[in-house]
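S.K.:
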Amino acid sequence: MPDIQTPLLDRLAAILGPRGILTDPADLAPHLSDWRMLYTGRTPCVLRPASTAELAEVVKLCAAAGTPLVPQGGNTSMVGGGIPDETGRQMVVSLARMNRVRDIDPLDMTMTAEAGVIVKAAQDVAANAGCLFPLSFGGEGTATIGGVLSTNAGGNTTVRYGNARELMLGLEVVLPDGQIWNGLRRLRKDNTGYALRHLFVGAEGTLGFITAAVLRLFARPRESEVALCAVRDEEAALALFRRFRDRDETAVRAFEYMSGTGVGFYARFIEGGSVPLAEPGDHVVLVDLASSRP
Ligand SMILES: Cc1cc2nc3c(=O)[nH]c(=O)nc-3n(C[C@H](O)[C@H](O)[C@H](O)COP(=O)(O)OP(=O)(O)OC[C@H]3O[C@@H](n4cnc5c(N)ncnc54)[C@H](O)[C@@H]3O)c2cc1C
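Counting from 5, one number per residue, gives the positions in the sequence shown under our numbering.
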């Protein structure tokens, strides 16, 4: 570790406490490479604030020292945005300890979750309150609320509920100078001036640290059916989508097109993988229909 970092590290340790700063190479390793193992960077430390106030102090200190910071959630990103570069100058800030659901309101259908809440945990908290947090994708057991907002993630249910942006009503952000911007509004009909919150969605942490978000919840479906359909071609897949949508657009929770080649790979290479179609098709769609009505 370069000596020049030492005084800054001491001051950061004073803010964050012993659990809030990692410097051991074995502890740093999981934070240095991306999900696909395409990129590996270097860092003197991983900072792990436990609150928005702690993070704000860290950002102020590092801004004054000219030390770049890289926000990191679950580190599931496919494009290496959550890891440091190779210079060894950038410090990683993991939001993992900021993992509280601050509030859930089943009447208002909102949840206020900190950035480090895992997506699956948010789904579970919503379900326990009789609601649905609909964002769902393969990385949901590791990805965080801060990460999905910063990448504007979608997933299986985007066709029905939208991407992460559409699921967000308000944000709390630590800005690059360490100021805390409190935009944790719940109002759906919020037409007050500029919608600054939207700047931070999909920004990959370039404009600040998302520390908490007000998320939209929905009614839990009472019934659902999933079907795998082989269709003649892409046009037929679109025609089928239109038919379902015209019948009841709120019922189409997912509609995923897959080429026959992709489905064939799955059947061939994934252990236990089988395709429940009488005949293999060149074009396949997965249809997930759900209804909240009895
Ligand atoms: C198996 C798998 C399946 C996937 N399927 C889909 C899919 O179907 N659709 C889809 O859209 N995506 C999909 N993804 C990608 C997914 O959207 C991202 O991996 C996820 O959103 C990143 O969340 P994270 O917490 O891991 O963030 P990280 O990977 O840690 O970070 C992602 C970016 O956000 C920044 N960031 C993280 N937290 C914050 C914060 N609190 N404030 C500011 N910036 C922050 C980071 O600096 C980085 O630039 C999939 C990923 C996996 C692993």
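For glycine and all other residues, C-beta sits at the position ideal for the given N, C-alpha and C.
Keep in mind it's a predicted model, so treat the numbers as computed, not measured.
1. Just grab the DSSP bridge partners of Thr-114 for me.
2. Should Thr-265 go down as buried or exposed, given a rule of 16 or more other Cβ atoms within 10 Å for buried?
3. Given Asp-292, which residues of its chain have a CB within under 6 Å of its CB, disregarding the five upstream and five downstream residues?
4. Tell me which residues share the same chain as Asp-286 and place their Cβ nearer than 6 Å to its Cβ, disregarding the 5 neighbours each side in the sequence.
5. Tell me whether Ala-147, by its Cβ, gets closer than 7 Å to a heavy atom of ligand 1.
6. Ignoring anything shorter than 3 residues, give me the beta strand (DSSP E) runs that lie fully in the segment 60-84, in order along the chain.
7. Is it the case that the CB of Phe-141 approaches a heavy atom of ligand 1 more closely than 7 Å?
8. Tell me which same chain residues have a C-beta within less than 8 Å of the C-beta of Leu-281, skipping the five on either side of it?
9. Residues in the same chain with beta-carbon distance under 7 Å from Gly-159, minus the five sequence neighbours each way, listed in chain order, please.
10. To the nearest angstrom, how far is the alpha carbon of Ser-92 from that of Thr-210?
11. Taking 7 Å as the cut-off, is the CB of Ile-310 close to at least one heavy atom of ligand 1?
12. Inspect the beta-carbon positions of Leu-59 and Phe-213 and report whether they are closer than 8 Å.
13. For the alpha helix (DSSP H) holding Asn-186, just list the boundary residues, first then last.
14. Could you spell out where the alpha helix (DSSP H) holding Phe-269 opens and where it closes?
15. Under DSSP, the alpha helix (DSSP H) around Ala-30 begins and ends at which residues?
16. Measure the Cβ-Cβ separation of Thr-215 and Thr-56 and say whether it is below 8 Å.
17. For Leu-44 and Glu-90, what's the separation of their Cα atoms in angstroms?
18. How far does the beta strand (DSSP E) with Val-279 in it reach, from first residue to last?
19. Decide if Ser-228 is buried, meaning its Cβ has at least 16 other Cβ atoms within 10 Å, or exposed.
20. What is the rounded straight-line gap between the Cα of Gly-24 and the Cα of Pro-53?
21. Less than 7 Å separating the Cβ of Gln-76 from some heavy atom of ligand 1?
22. For the alpha helix (DSSP H) containing Glu-238, name the first residue and the last one.
23. Measuring CA to CA, which of Pro-180, Val-152 and Glu-283 is closest to Met-172?
24. Out of Pro-284, Thr-47 and Arg-272, state which residue places its alpha-carbon closest to the alpha-carbon of Ala-33.
25. Under 6 Å Cβ to Cβ from Phe-248, same chain only, skipping five residues before and after it: list those, please.
26. Residues in the same chain with beta-carbon distance under 7 Å from Asp-7, minus the five sequence neighbours each way, listed in chain order, please.
27. Is Thr-210 helix, strand or coil when you go by DSSP?
28. Considering Cα atoms alone, identify which of Asn-132, Asp-181 and Glu-176 is closest to Gly-70.
29. Flag this pair as yes or no: are the beta carbons of Ala-147 and Val-123 separated by less than 8 Å?
30. Using a threshold of 8 Å, state whether the C-beta atoms of Ile-108 and Met-102 are closer than that.
31. Near Ala-294, which residues of its chain fall below 6 Å by C-beta distance, leaving aside the five closest residues on each side in sequence?
32. Looking at Leu-191 and Trp-185, is the spacing between their C-beta atoms short of 8 Å?
M.R.: The relevant details are as follows:
1. Asp-109 and Arg-220
2. exposed
3. Val-230, Arg-257 and Ala-258
4. Gly-264
5. yes
6. 73-76
7. yes
8. Leu-232, Ala-234 and Val-288
9. Leu-139, Ser-140 and Phe-141
10. Reading off the sequence shown, one finds Gly at residue 92, where the question assumed Ser. The alpha-carbon atoms of Gly-92 and Thr-210 are separated by roughly 19 Å.
11. Outside the shown range of the chain, which is 5 to 298, sits residue 310, and nothing can be said about it.
12. yes
13. That residue, Asn-186, is in no alpha helix (DSSP H); its beta strand (DSSP E) goes 184-187.
14. 264-273
15. 29-32
16. yes
17. One point to set straight first is that residue 44 is Thr, not Leu, in the sequence displayed. In a straight line, the C-alpha of Thr-44 is about 7 Å away from that of Glu-90.
18. From DSSP, Val-279 is part of no beta strand (DSSP E); its letter is neither H nor E.
19. exposed
20. 6 Å
21. yes
22. 238-251
23. Val-152
24. Thr-47
25. Val-256
26. In this predicted model, Asp-7 has a pLDDT of only 48, less than 50, meaning its place in the structure is not dependable; the value taken from the coordinates is given anyway. The answer is none, since no qualifying residue turns up.
27. coil
28. Asp-181
29. yes
30. no
31. Pro-225, Ser-228 and Arg-257
32. no
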